[in-house]
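Step one of this worksheet: look at the structure below.
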Amino acid sequence: MLAAFGIFRIDREGAITHTSRSLLLRTDVPNSMHYGARSWTVTGSWRAWEDLDAAFHGKVPHEVAWGTGRFDYLRRIPDEARIFDAFMANFPDKRHSVVAETYDFSKARLIADIGGGNGETLRRILALYPATRGIVFDRTDVVAAIPRDALAGGRITTHDGNFFDGVPADADIYLLIRVLHDWPDDDASRILRSCRAAMQRDARLLVIEGLINPDPCYGSPTEYLVDMQMMAMFGSARERTEAEFRELLNSAGFDLTSVIGTASPVFILEASLR
Numbered sequence: 064m065l066a067a068f069g070i071f072r073i074d075r076e077g078a079i080t081h082t083s084r085s086l087l088l089r090t091d092v093p094n095s096m097h098y099g100a101r102s103w104t105v106t107g108s109w110r111a112w113e114d115l116d117a118a119f120h121g122k123v124p125h126e127v128a129w130g131t132g133r134f135d136y137l138r139r140i141p142d143e144a145r146i147f148d149a150f151m152a153n154f155p156d157k158r159h160s161v162v163a164e165t166y167d168f169s170k171a172r173l174i175a176d177i178g179g180g181n182g183e184t185l186r187r188i189l190a191l192y193p194a195t196r197g198i199v200f201d202r203t204d205v206v207a208a209i210p211r212d213a214l215a216g217g218r219i220t221t222h223d224g225n226f227f228d229g230v231p232a233d234a235d236i237y238l239l240i241r242v243l244h245d246w247p248d249d250d251a252s253r254i255l256r257s258c259r260a261a262m263q264r265d266a267r268l269l270v271i272e273g274l275i276n277p278d279p280c281y282g283s284p285t286e287y288l289v290d291m292q293m294m295a296m297f298g299s300a301r302e303r304t305e306a307e308f309r310e311l312l313n314s315a316g317f318d319l320t321s322v323i324g325t326a327s328p329v330f331i332l333e334a335s336l337r
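FYI, the numbering for the sequence shown is 64 to 337, going by this note's numbering.
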């Protein structure tokens, strides 16, 4: 079957060999799709798609399928949580490296990565800016899983908590990397307001997200697939256009000051306090 789909090749002697597609599933190749393939095909992910129509009736497909929210589910199923965390750390859109390489962090004394997972992006940034320190802020179970040797020689500290209740104060730059697309507008605005309450006047917020084209005829199929995955996992969560992000930021007291393209599907949306 896999050979028929061009994943592997079978020669006349019956030997199975790699193709360009199967090589992408190896873990030792650049931009490996291994972690994404595993994460998208675990039971917790695809089962919610069977109840996708629930989103049109004000319900969350994942909650209909499993009786609980996505992140609570991952806490209960640690094997799937590890697969998800590995996917986030090895995302094939190069988000970690392009953020570090594209934006100028040279004036930042302290960077707070809100919902920062295992801190991969922050480590990439600090490797390029040795005078900068960082904070990874995420759920207790997430930050507890970060190895001590992944804390940039003590330059990264971890804080656990709920970003709806508040985030660490007084950082120069706040990062929200693929966080807001997990939430509907009301909740996304609450997250932004938590960041705003912690920020000094000259601090900056960087929202790193994909941007969908308002006309699907000219949009990226991948972004629309991710949009549907957000609907399956979180109901009203979704990908957004630049105009929608601008409106969302304005609702939380921010001005969108710059939209920076990167060598990947993600954009850096820089915002300042109004």
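Note that CB positions come from ideal geometry on N, CA and C, so glycine has one too.
Does the distance from the CB of residue i to the CB of residue j come in under 7 Å?
i, j, result
"residue 251", "residue 243", "yes"
"residue 294", "residue 118", "yes"
"residue 259", "residue 315", "yes"
"residue 236", "residue 271", "no"
"residue 168", "residue 136", "no"
"residue 226", "residue 188", "no"
"residue 312", "residue 334", "yes"
"residue 82", "residue 75", "no"
"residue 146", "residue 101", "yes"
"residue 196", "residue 218", "yes"
"residue 266", "residue 232", "no"
"residue 324", "residue 302", "no"
"residue 133", "residue 120", "no"
Have a look at the options and flag the residue whose alpha-carbon is nearest the alpha-carbon of residue i.
i, options, result
"residue 68", "75, 84, 77, 107", "84"
"residue 158", "269, 300, 193", "269"
"residue 122", "70, 96, 300", "300"
"residue 247", "335, 167, 321, 308", "308"
"residue 182", "336, 318, 312, 151", "151"
"residue 289", "106, 73, 275", "275"
"residue 141", "332, 105, 175", "105"
"residue 174", "166, 164, 185", "185"
"residue 230", "179, 64, 302", "179"
"residue 130", "107, 264, 149", "107"
"residue 228", "213, 278, 256", "256"
"residue 292", "77, 245, 164, 163", "245"
"residue 164", "214, 149, 190", "190"
What are the start and end residues of the beta strand (DSSP E) that includes residue i?
i, result
"residue 206", "That residue, residue 206, is in no beta strand (DSSP E); its alpha helix (DSSP H) goes 203-207."
"residue 161", "Taken as a continuous stretch (DSSP letters only), residue 161 belongs to no beta strand (DSSP E), being part of the alpha helix (DSSP H) at 158-165."
"residue 333", "327-336"
"residue 177", "173-177"
"residue 195", "Here residue 195 belongs to no beta strand (DSSP E), and DSSP marks it neither H nor E."
"residue 390", "In this structure the chain extends from 64 to 337, so residue 390 is not present and cannot be described."
"residue 219", "219-223"
Near residue i, which residues of its chain fall below 6 Å by C-beta distance, leaving aside the five closest residues on each side in sequence?
i, result
"residue 326", "161"
"residue 223", "203, 206"
"residue 337", "316, 318"
"residue 298", "118, 123"
"residue 282", "275, 276"
"residue 112", "295"
"residue 166", "331"
For residue i, which residues of its own chain have a beta-carbon under 7 Å away from its beta-carbon, when the five flanking residues on both sides are left out?
i, result
"residue 204", "138"
"residue 221", "199, 206, 209"
"residue 285", "328"
"residue 97", "88, 89, 90"
"residue 322", "305, 330, 332"
"residue 127", "114, 117"
"residue 177", "200, 226, 230, 237, 238, 239, 242, 258"
"residue 66", "72, 73"
Locate the alpha helix (DSSP H) running through residue i, then write down its first and last residues.
i, result
"residue 284", "284-297"
"residue 314", "305-314"
"residue 83", "83-86"
Please list, in chain order, all residues of the same chain as residue i whose beta carbon is under 8 Å from its beta carbon, the five residues on each side excluded.
i, result
"residue 95", "87, 88, 89, 153, 155"
"residue 144", "137, 138, 204"
"residue 79", "66, 71, 72, 73"
Query raised in the report: For the stretch 88-157, which segments carrying the alpha helix (DSSP H) assignment without a break, of at least 4 residues, lie completely within its bounds, in sequence order?
Result: 97-104, 106-112, 124-129, 133-139, 141-152
Query raised in the report: In chain order, which continuous runs of the beta strand (DSSP E) of length 3 or greater are located wholly inside the stretch 241-274?
Result: 267-273
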